[in-house]
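In my numbering, the protein residues as written are 1159 to 1465.
Virtual Cβ for every residue (Gly too), placed ideally from N, Cα, C.
Predicted, not measured: the structure shown is a model, and the values here were computed from it.
Notes for the one structure printed next.
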């Protein structure tokens, strides 16, 4: 499920109307994302990775795969290592990778905090003693058990809350990833979550990151294409800094090779493969071709840890 046929012959540099496409030039490597693989214990129909049990679109990452990139990133001044999937805790070597990375920099992990995490609690707990902290962002779609479980599976809402409570009780930092509704009032949604947290003995001050529907792999949602003219609305370096591709890269395993992609949202388009090293990838101009680029343009979307 990859975008193998571009919208137009020259669609990397031009829109379907022939306009010069908007772009970003990276200026630093602040955050390195590591895609652990698309296998997951859940099969959510909205998943932007198309993940499900046994999925192999992106193979599972191993510690031996990422070690050279961790040290290259450190030499380049990286500030944080971040991890996504699939569900990272499904991957056999993930705790080893997380243990290694948190010896060198703070780490940030996206997880559904359900059974795979619960089974590895005895492996996760010792990571508190590592030199750098680990922050977990847990997916909790809606403050409604039935609505959450409809797509994620019966019982997953309570399992996630159990996982959140356990992580906090041990001393890990936790935040929440939730979904957005077009007509929602964000303060009301978050107040509903905080009511649930009170019932579960979970602190009410957890930070939220709200995501729009980003579509499944290979999909097109009809988003407007971003031109150079559009980017004139972001005339300064500071105002463009919310685009993840200015400061992040992501490691993606393709077969037995690890490749460097522009960001966490474009691994379904091989034209965002920027090379085999981080240094090489930083020299590549990022064309804002993917429909998810429009989410960054419009909403300031970021997969990074909340401040």
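Original post:
Taking just the CA atoms, how far does residue 1217 sit from residue 1350?
Top reply: The residue you call residue 1350 lines up with position 192 of the chain shown. The residue you call residue 1217 lines up with position 59 of the chain shown. Straight-line spacing of the CA atoms in residue 1350 and residue 1217 works out to 37 Å.
Subject >> Distance CB(residue 1266)-CB(residue 1256) smaller than 8 Å >> reply: Stepping through the chain shown from its first residue, residue 1266 is reached at position 108. Stepping through the chain shown from its first residue, residue 1256 is reached at position 98. Using a Cβ distance threshold of 8 Å, residue 1266 and residue 1256 do not count as a contacting pair.
Original post:
Going along the chain, which residues of its own chain have a beta-carbon closer than 6 Å to the beta-carbon of residue 1430, five neighbours each way excluded?
Top reply: Taking the chain shown and counting its residues from 1, one reaches residue 1430 at position 272. In its chain, beyond the 5 residues on either side, 1419, 1420 and 1424 have a beta carbon closer than 6 Å to the beta carbon of residue 1430.
Original post:
Closest to residue 1315 by CA distance: which of 1273, 1391 and 1332 is it?
Top reply: For the purposes of this step, residue 1315 is taken as residue 157 along the chain shown, with counting starting at 1. The residue with the shortest Cα to Cα distance from residue 1315 is 1273.
**OP:** Determine the DSSP secondary structure at residue 1216, reduced to helix, strand or coil.
**Re:** The residue labelled residue 1216 in the question sits at position 58 within the chain shown. Residue 1216 carries a coil assignment under DSSP once its states are collapsed to helix, strand and coil.
**OP:** Taking the CB atoms as reference points, tell me whether residue 1384 and residue 1244 lie closer together than 8 Å.
**Re:** Indexing the chain shown from 1 puts residue 1384 at position 226. Indexing the chain shown from 1 puts residue 1244 at position 86. In this structure, the beta-carbon distance from residue 1384 to residue 1244 does not fall below 8 Å.
Original post:
Comparing alpha-carbon positions, which option in 1270, 1327 and 1228 lies nearest residue 1198?
Top reply: Here residue 1198 corresponds to residue number 40 of the chain shown, with the count starting at 1. The option with the nearest alpha carbon to residue 1198 is 1270.
**OP:** Could you tell me if residue 1341 is buried or exposed, where buried requires 16 or more neighbouring beta carbons within 10 angstroms of its beta carbon?
**Re:** Along the chain shown, read from residue 1 onward, the residue named residue 1341 stands at position 183. The residue is exposed, with fewer than 16 neighbouring Cβ atoms inside 10 Å.
Subject >> Cutoff 8 Å: residue 1235 Cβ touching any chain C Cβ >> reply: Here chain C cannot be found, since the structure has a single protein chain.
Original post:
Does DSSP put residue 1389 in a helix, a strand or coil?
Top reply: If you number the chain shown from 1, residue 1389 lands on position 231. Helix.
Subject >> Beta bridge counterpart(s) of residue 1364 as assigned by DSSP >> reply: As a first step, residue 1364 must be located in the chain shown, where it is residue number 206. In the DSSP output, where bridge partners are listed per residue, residue 1364 has none listed.
Subject >> Counted within 10 angstroms of its Cβ, other Cβ atoms place residue 1426 as buried (16 or more) or exposed >> reply: Within the chain shown, the letter at position 268 stands for residue 1426. Buried.
**OP:** Label residue 1233 either buried or exposed according to how many other C-beta atoms from any shown protein chain fall within 10 Å of its C-beta, with 16 as the threshold for buried.
**Re:** Position 75 of the chain shown, counting from 1, holds the residue named residue 1233. Flag for residue 1233 reads exposed.
Subject >> Residue ranges of each alpha helix (DSSP H) within the stretch 1259-1323, 4 or longer >> reply: DSSP runs (the alpha helix (DSSP H)) wholly in the stretch 1259-1323: 1273-1277, 1279-1282 and 1303-1310.
**OP:** For residue 1419, write down the residues that DSSP places opposite it in a beta bridge.
**Re:** Position 261 of the chain shown, counted from the start, is the residue given in the question as residue 1419. Answer by DSSP bridge pairing, in chain order: 1408 and 1431.
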